[in-house]
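Chains as they are written, first to last, in our numbering: chain A, 3 to 324; chain B, 3 to 324. Beta carbons: idealized from backbone N, C-alpha and C, even for Gly. Working notes, structure below.
2 protein chains.
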Amino acid sequence: MTTIRDVAKQAEVSVATVSRVINKRGYVHEETLKKVEQAIKELNYKPNDVARSLFKKTSNSIGFIIPDITNPFFPQLVRAVESTMIESGYTVILFNSDEVLDHELKLIELMESKYMDGLLVVSNTITKDHLENLTMPVVAIDRVLDKGIPTVYVDNYKGARQAVQFLIKKGCQKIAYLHGPEKIFTAKERLRGYQDEMEKNGLPTFIYPGNYELKASMMSTIRLLAEHPDVDGIFAGNDVMAVGAIKAASKMGYTIPKELKIIGFDGIDLATAITPELTTMHQPILEIGKKGSELLLQLIAGQSPEKKHYVYDAELVERNST
Amino acid sequence: MTTIRDVAKQAEVSVATVSRVINKRGYVHEETLKKVEQAIKELNYKPNDVARSLFKKTSNSIGFIIPDITNPFFPQLVRAVESTMIESGYTVILFNSDEVLDHELKLIELMESKYMDGLLVVSNTITKDHLENLTMPVVAIDRVLDKGIPTVYVDNYKGARQAVQFLIKKGCQKIAYLHGPEKIFTAKERLRGYQDEMEKNGLPTFIYPGNYELKASMMSTIRLLAEHPDVDGIFAGNDVMAVGAIKAASKMGYTIPKELKIIGFDGIDLATAITPELTTMHQPILEIGKKGSELLLQLIAGQSPEKKHYVYDAELVERNST
DNA sequence: TTGAAAGCGCTAACAG
DNA sequence: CTGTTAGCGCTTTCAA
């Protein structure tokens, strides 16, 4: 490995001078600059990030904790975050937590001991308390951890109401809701939206658990349709469950969208891979990732953003399942 | 931040002694051990990974370069790698390269300057030459970079032949192949398998490009079916394309599997999300990730594995598209 | 069994 | 404009 010392020797200057040229900081005579650059090239010198980090207490990297990359909602989010972080010279370290608090806390410790510069997090288990004596800035994505913590997310409640409204407008009278895990923020909000909108329209509610999963959703849909064969609309808390509902309902002989209309939430790629293509409340995933990253970058730079919470609207994308 | 020095002071010993206890190395008197542990607890001391790395030229982390996490093949692979790496105390740093050589090379430089301990890579662009003067061990996954580089992958050729055989056994006589990107190793191997098996059976070949993508596959399938309406079987180079083929063929009025049988390759989750569920050549993704990680771990530990190449068989999973 | 001290590779005063 | 030097926090000889 070639170090700054080697370069200094080769260029016949001090290490301080070499440091100046690689950091483009301070005065360096044109001549010496040339010499140093020459030496750097000859030796193929690359500064050592670890040594740099140790001194600067900074690593040009941020951590991104998500529940599970296997959940089709996250790959796109990750890419969005990554691409805006890279532009600013940061590398993002991805962690899958499975929403196990213990893991998350361990990861945060790890991040501190590696001088990571910031944390982007999607979690329902971490709370303000866990973050209190954390030195690095934190931005939450997709879930509100605390009013005080900068957050970027979609208005799930509003989106849910809109989804239900749409089904009603399409003529549905008996609309069921497939809901996600009890403890997950987004699932609760979407459920609340469903309930309020149904109530507002004087319609009865039918709530079945789907756990944001395909299999669970299929089973619930089968039960739902057995118990209430005349259901004519299903609002699924996410696209994955909506796909499950479509599969199950088709298998049971329902024609979609004629007899039964189904709408999802998220706007993942899967929605267009299936037949019929899924009508859904599309989240601006890329924008969310981008804004979250920008917020964190600002915080890292010591600036305080104008707003703490950035809320986006989900957008109705009508396809063939309604 | 509390450092080893703080702990030493608190415990009234030298930093060397503290270092010994946190590393469980060398002799430490029972009494002093107690004192030090006490101090560590009181101060909630956590050793600083960066300082450690600087000295040890090691980071307990490995890099994992993949083309694109958005490709549904990778999330599972990533999880498999991550989980076996974590067990050994390593953290994995994921990088999306989009198979752009320039990015990949940059990433490798970054990894070196961070003292990462090893590289796991899925790439068609990196070659032996790029890796030559790399100090860290490398293991390739899913694509063979060079005979000399340890690799873990599936026998794509054999799997492809098996897929075609199966279609023939099911009565197909006019079987088309949707193939992936020209330059991708897996795509080439699968194409070769298709061609050889068709030739062996004296059957004509129909090869259409699908680029491993849904949209491209749909367009090609439409063209295929327009040009050769009597095609009765499609072997898609991957599951994503198979899904596209199903969508397109259905739209054109073909009943699957009655008039047209479709088989894919990979065994991603998407295969069971659609209707009809996709028959496919299933890759043991988890095992591949696990074996790749274990290999790398061995290499990092300075051991040389018995074999350099680990080849798995894809397994035929029959579902409803055939 | 313990401590002093050197040094991993780099940056940033500070002095010149 | 450039060099000397003191660390960043840790590990590891080497002596004691």
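If we ignore side chains and look at the alpha-carbon of each, how far apart do residue i and residue j end up?
i         : j         : result
A:Glu-33  : A:Ile-42  : 14 Å
B:Arg-22  : A:Ile-67  : 33 Å
B:Glu-191 : A:Ile-276 : 28 Å
A:Asp-234 : A:Glu-261 : 6 Å
B:Asn-158 : B:Leu-180 : 15 Å
A:Asn-172 : B:Thr-257 : Correcting the residue type first, residue 172 of chain A is Lys in the shown sequence and not Asn. Whole-angstrom Cα-Cα distance: 30 Å.
A:Pro-231 : A:Ala-178 : 11 Å
A:Glu-44  : A:Leu-121 : 38 Å
B:Met-118 : A:Asn-126 : 31 Å
B:Leu-103 : B:Ile-170 : 40 Å
B:Gly-150 : B:Met-283 : 28 Å
A:Gly-269 : B:Gly-266 : 25 Å
A:Lys-130 : A:Val-146 : 10 Å
B:Gly-195 : B:Gly-182 : 13 Å
B:Leu-136 : B:Arg-54  : 22 Å
A:Lys-36  : B:Asp-70  : 40 Å
B:Tyr-27  : B:Asn-50  : As written in the sequence, residue 27 of chain B is Arg, which differs from the Tyr given in the question. Cα to Cα, the separation comes out at about 18 Å.
B:Ala-273 : B:Leu-280 : 5 Å
A:Pro-278 : B:Ile-186 : 31 Å
A:Ile-290 : A:Gly-304 : 21 Å
B:Asp-8   : B:Ala-18  : 12 Å
A:Arg-321 : A:Ile-264 : 10 Å
B:Leu-112 : A:Lys-309 : 34 Å
A:Phe-97  : A:Val-20  : 36 Å
A:Thr-60  : A:Val-52  : 10 Å
Name the two residues that bound the continuous alpha helix (DSSP H) containing residue i.
i         : result
A:Val-23  : 17-25
A:Gly-294 : 287-302
A:Ile-224 : 216-229
A:Gln-2   : Here chain A comprises residues numbered 3 to 324, so residue 2 of chain A is not present and cannot be evaluated.
B:Arg-7   : 6-13
B:Lys-149 : Where B:Lys-149 is concerned, there is no enclosing alpha helix (DSSP H), given that its DSSP letter is neither H nor E.
B:Met-200 : 187-202
Per DSSP, what are the beta-bridge partners of residue i in this structure?
i         : result
A:Phe-208 : A:Ala-178
B:Leu-333 : Residue coverage of chain B in this structure runs from 3 to 324, which leaves residue 333 of chain B outside it and unanswerable.
A:Tyr-314 : A:Val-156
B:Gly-161 : In DSSP, B:Gly-161 forms no bridge with anything.
B:Ala-244 : BP columns for B:Ala-244 are empty, so no partner.
B:Thr-277 : None; B:Thr-277 has no bridge partner.
B:Leu-121 : B:Gly-65 and B:Val-140
B:His-284 : B:Asp-268 and B:Glu-317
Among the options, which has the Cα closest to the Cα of residue i?
i         : options                                       : result
A:Val-140 : A:Glu-308, A:Ile-236, A:Leu-298 and A:Ala-303 : A:Leu-298
B:Gln-197 : B:Phe-237, B:Lys-185 and B:Leu-96             : B:Phe-237
B:Arg-163 : B:Lys-108, B:Arg-321, B:Ala-316 and B:Val-9   : B:Ala-316
A:Ser-219 : A:Leu-193, A:Gly-246 and A:Leu-227            : A:Gly-246
B:Glu-39  : B:Glu-320, B:Leu-122 and B:Asn-25             : B:Asn-25
B:Gln-167 : B:Glu-279, B:Lys-202 and B:Ser-16             : B:Lys-202
B:Lys-217 : B:Lys-59, B:Ser-306 and B:Ala-251             : B:Ala-251
B:Thr-86  : B:Ile-248, B:Pro-259, B:Gln-285 and B:Ser-63  : B:Ser-63
A:Thr-188 : A:Gly-239, A:Asp-148 and A:Thr-223            : A:Gly-239
A:Lys-48  : B:Leu-109, B:Glu-134 and B:Lys-293            : B:Leu-109
B:Asp-148 : B:His-105, B:Gln-300, B:His-311 and B:Glu-111 : B:His-311
B:His-132 : B:Leu-107, B:Pro-152 and B:Lys-116            : B:Leu-107
CB-CB under 8 Å to residue i, same chain, minus the five flanking residues each way: which ones, in chain order?
i         : result
B:Arg-225 : Tyr-210
B:Pro-206 : Lys-176 and Met-200
B:Phe-208 : Lys-176, Ile-177, Ala-178, Tyr-179, Leu-226, His-230 and Val-233
B:Asn-214 : Contrary to the premise, residue 214 of chain B reads as Tyr rather than Asn in this sequence. Here the set comprises Asn-73, Gly-182, Pro-183, Ile-186, Ala-189, Gly-239, Asn-240, Val-242 and Met-243.
A:Ser-16  : Ala-10
B:Gln-12  : Ala-41, Glu-44 and Leu-45
A:Val-114 : Strictly speaking, residue 114 of chain A in this sequence is Glu, with Val absent from that position. Same-chain partners within the cutoff: Leu-136, Thr-137 and Met-138.
Excluding the five sequence neighbours on either side, which residues of its own chain have a C-beta within less than 6 Å of the C-beta of residue i, listed in chain order?
i         : result
B:Gln-78  : Ile-287
A:Leu-227 : Met-254
A:Asp-144 : Val-124 and Tyr-155
A:Gly-161 : Met-283 and Ala-316
Along the chain, where does the beta strand (DSSP E) containing residue i start, and where does it finish?
i         : result
A:Lys-263 : 263-268
B:Ile-236 : 235-238
A:Gly-65  : 63-68
A:Leu-107 : Run containing A:Leu-107: none in the beta strand (DSSP E); it sits in the alpha helix (DSSP H), 103-115.
B:Phe-97  : 93-98
Below 7 Å, is the gap between the Cβ of residue i and the nearest heavy atom of the ligand PLP?
i         : result
A:Leu-299 : With respect to the ligand PLP, the structure offers nothing, as it holds no ligand at all.
Kindly list the residues whose CB is nearer than 7 Å to the CB of residue i, restricted to its own chain and excluding five residues on each side of it in sequence; keep chain order.
i         : result
B:Glu-101 : Pro-69, Ser-125, Asn-126 and Thr-127
A:Ile-302 : Asp-119, Gly-120 and Pro-139
A:Gly-294 : Val-83, Leu-122, Val-141, Ile-143 and Val-154
A:Ala-165 : Phe-237, Ile-265, Phe-267 and Met-283
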